[in-house]
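Notes follow the structure.
In our numbering, the protein residues as written are 24 to 491.
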């Protein structure tokens, strides 16, 4: 039976005509343009025309030989939208084999327009220290190399320098398929070190990594802080978080402040962070929420029905900086979080910490910092270079001939925005930039840099949270 299925799949791939590929691609482009509000916003804000980039990628159909190669072209076109929520539903078949062999990881941070190593590595029989910067990638300047990746990788955007950046540039589809990448580093002593990396081999670090990231609820008696680490928004964790937080209701361990650490949280379900807040609050809180999207007629009827979206209840977006996009307000209200019966009824400051690696539901919790200025909810972190905020789940669609499934994000969080840059929601109330001191100290620290001692005494973001 499996053999028959494989034969049928191969046959279906070979019978897709080039004309059908063009029709599918044009359907994809028209649907993205009609549904995604980010396309027009990025063109206006970033001066980046995703539809034009998709048109360039379309020319690759001329040499496509099968459904598998066409699927790779579709993947590149969706990557060009620069939105993780506008993507294929699964990794292209042509990339599954190369990704299975891809074991490379290079720890970099984007600091003041450059890419710096955040951990010392061993290569070419010498140690390349943390803080060394990337001088060239495949014989190109890093900016030029990254600029060529719009169809290969979802990247970030530096509004100040008006350019894309990606500290994981080494993870692009082209490099995954090539199996290698050449990177030249320069250290503080001006030594130049070219390295040919085989991406099927793991990197060698000068010092072992002792860090273990995990979801947790801890009490820091030294500073009287309840520390909650949300690494994944996984529904299965809700009972654990509820019971662990409820254990502090007896008041035997005084809590002066709550820190919710969202760093490196890539997403999941908003219900998780909402449940955490409900387990902490002493009274209901409301936070504003405005979601804008395209003309609802552009969305499938079943999508609107499932989310109880009523077309006739929508109003056109009239704010001056958004009116030219012909958006509709899908949501404009205050969301309310009500304390649970087991809440610890905490009345003090709650500080959320994020970093450049939060996304989707991992960043939605920052909506609480939209509560009025001067409140007791704060956010500390670093710009992500991506569009964040609350939203609906993406629209799932299928191309007519190839039946390739894909998704498109239909709304943008326009809460309290007064300009296009505000729509990114990638800034925090208190921004703490990377410094060379932080990078070198973290690399040299002999212990767990995610442990209590390091976080309280050395981690800049936690220290800022403690100072608030």
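Where a beta carbon is used, it is the ideal one built from N, C-alpha and C, also for glycine.
With burial defined as no fewer than 16 other Cβ atoms inside 10 Å of the residue's Cβ, what is the status of residue 65: buried or exposed?
buried
What ranges does the beta strand (DSSP E) occupy inside the segment 162 to 193, keeping only unbroken runs of at least 3 residues that lie completely in it?
179 to 181 and 186 to 188
Beta-carbon proximity of residue 363 to residue 444, cut-off 7 Å
no
Look at residue 160 and residue 206 and say whether their C-beta atoms are less than 7 Å apart.
yes
Rounded C-beta distance between residue 286 and residue 191? I'm assuming under 8 Å.
Residue 286 to residue 191, Cβ: 16 Å. No contact.
From residue 169 to residue 244, what does the alpha carbon distance come to, in whole angstroms?
45 Å
Grab the span of the alpha helix (DSSP H) containing residue 400 for me, first residue to last.
That residue, residue 400, is in no alpha helix (DSSP H); its beta strand (DSSP E) goes 400 to 404.
According to DSSP, which residues form a beta bridge with residue 375?
283 and 402
How do the segment 132 to 140 and the segment 173 to 189 stand: do at least 3 beta-carbon pairs fall below 8 Å, yes or no?
yes
According to the neighbour-count rule (16 or more other Cβ atoms, all chains shown, within 10 Å of its Cβ), is residue 105 buried or exposed?
buried
Using C-beta distances below 7 Å, list every residue in its chain close to residue 288, excluding the 5 sequence neighbours before and after it, in chain order.
253, 254, 255, 256, 381 and 385
Quick one: give me the first and last residue of the alpha helix (DSSP H) that residue 358 is part of.
Per DSSP, residue 358 belongs to no alpha helix (DSSP H); it is in the beta strand (DSSP E), 351 to 360.
Please determine if the segment 433 to 451 and the segment 397 to 408 are in contact, where contact requires at least 3 C-beta pairs separated by less than 8 Å.
yes
Sort 73, 118, 78 and 300 by Cα distance to residue 109 and report the nearest one.
73
Using a Cβ distance threshold of 8 Å, determine whether the segment 259 to 272 contacts the segment 149 to 167, with at least three qualifying pairs required.
no
Given that a residue counts as buried once 16 or more other Cβ atoms are within 10 Å of its Cβ, and exposed if not, what is residue 119?
exposed
Residue 296 in three-state terms, based on DSSP:
helix
Quick one: what does DSSP say residue 217 is sitting in, helix, strand or coil?
strand
Contained beta strand (DSSP E) runs [length at least 3] in the segment 63 to 137, N- to C-terminal order:
131 to 134
In whole angstroms, give me the CA-to-CA distance for residue 460 and residue 467.
11 Å
Within 10 Å of its beta-carbon, does residue 141 have 16 or more other beta-carbons around it, so buried, or fewer, so exposed?
buried
Quick one: is residue 214 buried, meaning 16 or more other Cβ sit within 10 Å of its Cβ, or exposed?
exposed
Check whether residue 376 and residue 490 have beta carbons under 7 Å apart:
no
So is residue 343 buried or exposed if we call it buried at 16+ other beta carbons inside 10 Å?
exposed
Do residue 233 and residue 126 have their CB atoms nearer than 7 Å?
no
Reducing DSSP to helix, strand and coil, say where residue 315 ends up.
strand
Determine the closest residue to residue 304 out of 351, 373 and 241, with distance taken between C-alpha atoms.
373
What is the DSSP secondary structure of residue 477, reduced to helix, strand or coil?
helix
Alpha helix (DSSP H) segment containing residue 208, residue limits:
Per DSSP, residue 208 belongs to no alpha helix (DSSP H); it is in the beta strand (DSSP E), 203 to 209.
Is residue 336 helix, strand or coil when you go by DSSP?
helix
Which class does residue 56 belong to by DSSP, given the choice of helix, strand or coil?
helix
Boundaries of the beta strand (DSSP E) in which residue 420 is found, first to last residue:
418 to 421
Residue 199 - DSSP class collapsed to helix/strand/coil:
helix
When the distance is taken between beta carbons, is residue 307 closer than 7 Å to residue 361?
yes
Are residue 240 and residue 267 close, meaning C-beta to C-beta below 7 Å?
yes
From residue 530 to residue 117, what does the alpha carbon distance come to, in whole angstroms?
Residue coverage of the chain in this structure runs from 24 to 491, which leaves residue 530 outside it and unanswerable.
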